[in-house]
Each structure stands twice: as structure tokens, then as C-alpha cells.
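Sequences listed follow chains H and U, in order. Note that numbering that gives the first Met the number 0 has the first sequence beginning at 0, numbered continuously upward. Note that numbering that gives the first Met the number 0 has the second sequence beginning at 0, numbered continuously upward. Structure, as C-alpha cells:
There are 2 protein chains.
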Amino acid sequence: MKVLNKHSDYALRALIALGMEPGVRKSAKALSEAQGIPYQFLRRILQELIRSGLVSSKEGAGGGVALARAPDEIRVSDVIEIFQGPVQVSECMFRRQLCSNRANCVLRHEIMRIEQVVNDEFSKVTVGKLAGDLRRVEEARKNLLVQEKPKG
Amino acid sequence: MKVLNKHSDYALRALIALGMEPGVRKSAKALSEAQGIPYQFLRRILQELIRSGLVSSKEGAGGGVALARAPDEIRVSDVIEIFQGPVQVSECMFRRQLCSNRANCVLRHEIMRIEQVVNDEFSKVTVGKLAGDLRRVEEARKNLLVQEKPKG
DNA sequence: TTTACTGATACTAATTTAGTATCAGTTTAT
DNA sequence: ATAAACTGATACTAAATTAGTATCAGTAAA
């Protein structure tokens, strides 16, 4: 059971990259190369993020995209919602009609509770937090290299 | 984002039906008709449940399937595992190799925590619990009909 | 020895996913 | 003015997955 599809996955990577330097505009090409994401695919993903208001863009030479909100205001759940729709456990739940199948309706209570838990978890994690984590990881890695140099 | 696919969905419905009367063998045909699940599809699902040890079978006329364990020992997470594999958030996590993409690796900590939460939630819910819920729902519905009769 | 069942497995259609390609328009620099 | 570097919109395709069908073989009971 794969939770994130490639759209969400690449979108998150791009958002984290943008979140590392909020306010700095980057082109789709630059992001594509830095993150190893197929260019045309990333283009479409960014366009979707722009339409959804998570990212702002500027056309023309020197243009590109940047976060449209503070990194802490962009949640992983927002991204999943955009590319994979709302978290739902079974199809029956989606059309909210009263389901003819009684066993399935029994599942509903548990199902809605779990949907809520999953959404809560994905809401807790923001692009800002992830970018912060990445910053710390890179800092740690840099310090490690400095320490190792004298020994090697 | 649909969490349960048709395999898991139908499997759960069939397991709940079996859990309503543990020990009673039912044929795939009877289950298919009672639950509105396509017969040949259900056959394959039951065969998978048999192989996985959740269900036991008896061949020949008068044969059929029954739960192989106590209903409370069959968890929703078992069913998801069988039909959709382990819950994983992104592909990178599946191959547990150290991912070359740093942003994705940053996601890993959060990702593993959320995987755990989701699995825990699905583990909490058993076929026994769901069958119990269904029993109560049906009881309530029956009482409602009895009360309504004098008025209509 | 027919009927009602499971075991195994091959097949197909529809949908989704991942990725590509193209053309039009905008902005900057020269 | 015009070439270069961008985004906007959208059409297209291949591969994988999902959902569902079909068939043949074997088993057990009546």
C-alpha cells in the first residue's frame, strides 16, 4: 500500500527545496536538475501547485516559482489532497450515500476514525519542519566532514 | 487516496460475514450472493485468505470456508497486508537502501512514524469487533421495527 | 454418478500512473 | 527587434495496476 504517489512525492521534494530558501525564485529546470525529477513531469506538478495557491510563479526569463505561503503553513496533507484527493478508506465512503451493504456500513465508524487519524498525522508535518530537518541533516554532515579531514 | 482496494474491501466483508457465525462453514457462492460480491472474484480472494491462514476450507459438496482463527485474532491490518502489501509511504522506503535524494531521506523519519501510526490503527480493529458492531446495528434496527409497528 | 463444492491459473478490459511533447505567451537582456 | 529563458495550457503515450471473467481439474456427499 503506497501512500504517496509520484506526484505527491515530487511535489514535496520541490516544496522542500523551495522551503530551504523561502522567497528565492527557482526555475522548473533548476529544480528538476537539483532534485532529479523529470522536467516535463515537474512542470505539470508545479502548475498544479500554482493553481492550488501553494506556489507563486513569475513568467519570462529570470522567472520561476517560489512558495506562496510561509513554509510552516504548507502541510503534507495539503499536498496529498491536491494530487490524490481526500484520504478515504473505501469507495463507499466517498459517495456519502447510505450504503446498501450493512457490513460495509459497520466499517464506516472505524473507517472515519482512521481517516481522521491519518489526516491529523499528515497535517502535523509541514514543509517548514521538513526543510528544518534537512538543514540540520546537512549541517551534521558538514561537521562530520570537517572532523574527518584531519584524520584522512 | 483510496486506502482499501476491492480485494481488501471484499475480503473484509466476507470475513465479517464469517465472523458473525464463527465455526459455521459457508460456500463462496452463498457469501457472494449475500454480500453482493462477484463470485469468481470472491473465489480468488478466499483462496488467498486460505493460503494466508486466515480462513480454512473444506472441499466437495457441503464444503465451504470458515474462519481459521478467533474473529478477534484477525486484524484489518492482516487483510491489508495480504492484498496490498505493507503500508509504505513512498517507494524509497520500500527498498530500504540509503536514498540518494536528501530531501526524501529527510522525509523518512516522519514517514516511518506515520506508517507506524496507520498500522497501529488498522491493527486495533479486528473482525471480531466489526462483527460485534454489526450485530448491535442489526439488533437496534430490529428493535426500531418492533417499536414502529404499532404506530403504522 | 451426479451435484456442489474448492484449487489453480490463464485471460481481459478499464483505469490509473508516470512520463513526454508541443505550442503559445511573457519577460529580460542584448 | 529579437533571441533566450521562462511559465501556461493541454494533448498524447506506455506501462502498470485493478477489477473482473473463465476454465479445467479434483474432492466429497447424497
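Even for Gly, the Cβ is constructed at its ideal location relative to N, Cα and C. In this text the structure is predicted, and so the values were computed from the model without any measurement.
Taking a contact as a CB-CB distance under 8 Å, the pair G127(H) and M0(U) does not count as one, their CB atoms being some 23 Å apart. Of all residues in the stretch 74-90 of chain U, only V75, I79, Q83, G84, P85, V86, Q87, V88, S89, E90 come within less than 8 Å of chain H when Cβ atoms are compared, listed by chain position.
The beta carbon of M19(H) lies closer than 8 Å to those of A130, L133, R134 in the same chain, with the five residues before and after it left out. When the five nearest sequence neighbours on each side are left out, the beta carbons in the same chain lying within less than 8 Å of the beta carbon of I73(U) are those of L14, G18, L53, L66, T125, V126, G127, in order along the chain.
The residues K5, Y9, in chain order, have a CB closer than 8 Å to that of F40(U) in the same chain once the five nearest residues on each side in sequence are set aside. About 14 Å separates the beta carbons of I81(U) and S122(U), which is beyond the 8 Å limit, so they are not a contact pair. Within the same chain, K25, L30, A33, Q34 come within 8 Å of A16(H) by CB-CB distance, once the 5 residues on both sides are set aside. Partner residues in the beta bridge of K25(U), as assigned by DSSP, are V64(U). Straight across, the Cα-Cα distance linking V23(U) with P70(U) is about 13 Å. In this structure A27(U) is buried. Its beta-carbon is surrounded by 16 or more other beta-carbon atoms within 10 angstroms. Against H108(U), the close residues of chain H are D132, in the order they occur along the chain (beta-carbon pairs closer than 8 Å). Judged by DSSP in its simplified three-state form, S56(H) adopts strand. If you ignore the 5 residues before and after S7(H), its C-beta comes within less than 7 Å of the C-beta of V78, I79, F82, Q83, all in its own chain and listed in chain order. Excluding sequence positions up to five before and after R12(H), its CB lies within less than 8 Å of the CB of Q34, I36, all in the same chain and listed in chain order. Among the residues of the stretch 1-33 of chain U, those with a Cβ less than 7 Å away from any Cβ of chain H are K1, V2, L3, D8, L11, R12, I15, A16, in the order of the chain. Proximity of F121(H) to chain U, defined by a Cβ-Cβ separation below 8 Å, is satisfied.
Among the residues facing chain H, I44(U) is not included, as its CB has no counterpart in that chain under 8 Å away. Note on E137(U): under 16 other CB atoms within 10 angstroms of its CB, so exposed under the neighbour-count rule. Counting the other Cβ atoms within 10 Å of the Cβ of V2(U) gives 16 or more, which makes it buried. In the DSSP secondary-structure assignment, K123(H) is not bridged to any residue. When the five nearest sequence neighbours on each side are left out, the beta carbons in the same chain lying within less than 7 Å of the beta carbon of S76(H) are those of N118, F121, S122, in order along the chain.
Around I113(H), the same chain offers V88 as residues with beta carbons nearer than 8 Å, after the five sequence neighbours per side are excluded. Per DSSP, Q87(H) lies in no alpha helix (DSSP H) and is assigned neither H nor E. Under the DSSP definition of a beta bridge, K1(U) partners with Q87(H). For L143(H), no chain U residue has a Cβ inside 7 Å of its Cβ, as the nearest lies near 14 Å away. In the DSSP assignment, E47(U) falls within the unbroken alpha helix (DSSP H) covering 38-50.
Under the 8 Å criterion on CB atoms, V64(H) is classed as non-interfacial with respect to chain U. Out of K57(H), V64(H), L144(H), the CA that lies nearest to the CA of L45(H) is found in V64(H).
When DSSP reads this structure, R74(H) sits in a beta bridge with T125(H).
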